[in-house]
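Protein chains in written order, with my numbering: chain A, 1 to 225; chain B, 1 to 225.
Cβ coordinates follow ideal geometry from the N, Cα and C atoms, glycine included.
Read through the structure below, which is laid out as structure tokens, and then see the notes.
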DNA sequence: TTAAAAACAGGTATAAATACCTGTTCCGCA
DNA sequence: TGCGGAACAGGTATTTATACCTGTTTTTAA
């Protein structure tokens, strides 16, 4: 991957030492210009309005401290930046490697995610990647996204054998149809539908429809998208 | 991003010309070795079993033609590889830039996604990135993932106001507890639990628990992971 | 600082789902 | 080729969920 023209970088980070450290590291590379910095999420939008040189890439600390009572975390900064400056790339820096954290951020418009204990080379790659490719997602982040999307590669194998008829009834059940409605649709008796449902309960180890629905979603029998 | 040691690459692609073309391009770079190739999805697993040098990165054509009647597309190859060779990185090559296609693939274990009309440099970057970082997702792919996750975000905003008590009952309902069990757990009457459930049905526009469970999953009130 | 709204608790019928059965048919396999 | 197993269809009680109410308390906003 080649670094083309200079990249303007902004930093939103409350810890002074960390902020200065990152700045020092970034300035070690010729084509990185730190053109913006802010210590808290609240002032970011305000300060950006007064700036002539907008950052291409904004590094945002996830754990920005809420000012007053109102929450305005890295997530909110991300949301606001995505809304106001759609061309700006947001690269999250965080101490968390919690899957949910990562997924939430990416879902809300972050272009990349990096844990804070990454080495300088990783930071460099992430910035370049975010700038040139439009995103930076490493293996850890991808895994988080996949698991939050309900990747079910493993479970596919453990699938109990659901018969075609049972699957059909499961699918219709997930569409909030009652046994009676399913019976009408399939031209069979309500009792038969309930019979199949009971077999499904046993096969999937569920106690009631709730379990069936969750099973169906987990095993990609129905999609909730 | 620096290319470290040599990368062993496999190609699963039915179009001979395209396969040869990619091979020629890859061989132009010193540290890329094409060690495996296959024209269809079916023979991949079989052939891999007989191979001594396993590919680090497998390029998989998404639109592999189904052999006979049985479907065995790039998706199936991806699933099979993820299952059998968890360390192998799967990089999808596709003519489609359909969001659903991309998301499905990533969900099922692909480590990267690249449209076929990308230039050689992009292919190079993708292979290196998949190999060293464990993933390659460019702006287009990220957008697809985000938008497929995005429905959740929208729904979050349109969220009807579920009261804390209702959310609690919804959560327990999703754990396959009956109204009676929930009542015991919360030290309230079964009638009260049912009252809350009814309010939930109305608020979420559901017909029965099935709808509640799907609502809860869609809105991240419960996790199915 | 009160009205209004919403949360919370509970009640009564009724509809639906669940537990537990029987019998037939169809298919793989030894 | 006929045996075992599973799919499919149906039936009977019983349990559980749903529809539709009333009243009290707590929040919200004008």
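Report the option in the options whose CA atom is closest to the CA atom of residue i.
| i | options | result |
| --- | --- | --- |
| residue 208 of chain B | B:173, B:35, B:62 | B:173 |
| residue 12 of chain A | A:35, A:27, A:5 | A:35 |
| residue 48 of chain A | A:9, A:127, A:30, A:183 | A:9 |
| residue 219 of chain B | B:170, B:202, B:192, B:124 | B:170 |
| residue 102 of chain A | A:25, A:176, A:180, A:75 | A:75 |
| residue 31 of chain A | A:37, A:23, A:38 | A:23 |
| residue 105 of chain B | B:118, B:123, B:122, B:62 | B:62 |
| residue 168 of chain B | B:189, B:197, B:140, B:191 | B:197 |
| residue 60 of chain A | A:33, A:132, A:19, A:25 | A:19 |
| residue 91 of chain B | B:128, B:119, B:183, B:84 | B:128 |
| residue 26 of chain A | A:119, A:83, A:191 | A:119 |
| residue 17 of chain A | A:33, A:39, A:28, A:29 | A:39 |
Using the Cβ count rule (16 or more neighbours within 10 Å means buried), how would you classify residue i?
| i | result |
| --- | --- |
| residue 223 of chain A | exposed |
| residue 166 of chain B | buried |
| residue 52 of chain A | exposed |
| residue 95 of chain B | exposed |
| residue 144 of chain A | buried |
| residue 6 of chain B | exposed |
| residue 161 of chain B | exposed |
| residue 193 of chain B | buried |
| residue 87 of chain B | exposed |
| residue 121 of chain A | exposed |
| residue 125 of chain A | buried |
| residue 50 of chain A | exposed |
| residue 146 of chain A | buried |
| residue 138 of chain A | buried |
Is there a Cβ of chain A sitting closer than 9 angstroms to that of residue i, yes or no?
| i | result |
| --- | --- |
| residue 28 of chain B | no |
| residue 196 of chain B | no |
| residue 123 of chain B | no |
| residue 207 of chain B | yes |
| residue 138 of chain B | yes |
| residue 106 of chain B | yes |
| residue 51 of chain B | no |
| residue 74 of chain B | no |
| residue 77 of chain B | no |
| residue 7 of chain B | no |
| residue 94 of chain B | no |
| residue 38 of chain B | no |
| residue 21 of chain B | no |
| residue 217 of chain B | yes |
| residue 163 of chain B | no |
| residue 145 of chain B | yes |
| residue 135 of chain B | yes |
| residue 213 of chain B | yes |
| residue 192 of chain B | no |
| residue 10 of chain B | no |
Please check if any C-beta of chain B sits within less than 9 angstroms of the C-beta of residue i.
| i | result |
| --- | --- |
| residue 41 of chain A | no |
| residue 16 of chain A | no |
| residue 142 of chain A | yes |
| residue 118 of chain A | no |
| residue 153 of chain A | No answer about residue 153 of chain A holds up, because its pLDDT of 40 lies below 50 and its placement is not dependable. |
| residue 102 of chain A | no |
| residue 188 of chain A | no |
If I follow the unbroken alpha helix (DSSP H) through residue i, where does it start and stop?
| i | result |
| --- | --- |
| residue 17 of chain B | 16-28 |
| residue 44 of chain B | 41-50 |
Tell me which residue opens and which closes the beta strand (DSSP E) that residue i is part of.
| i | result |
| --- | --- |
| residue 35 of chain B | 32-38 |
| residue 57 of chain B | 57-61 |
| residue 12 of chain B | 7-12 |
*Kindly provide the ranges of any alpha helix (DSSP H) runs that are 4 or more residues long and lie completely inside the stretch 73-137 of chain A, ordered along the chain.*
74-84, 99-107, 120-132
*At 4 residues or longer, and completely inside the stretch 160-222 of chain A: list those alpha helix (DSSP H) runs for me, N to C.*
164-174, 179-186, 190-204, 209-218
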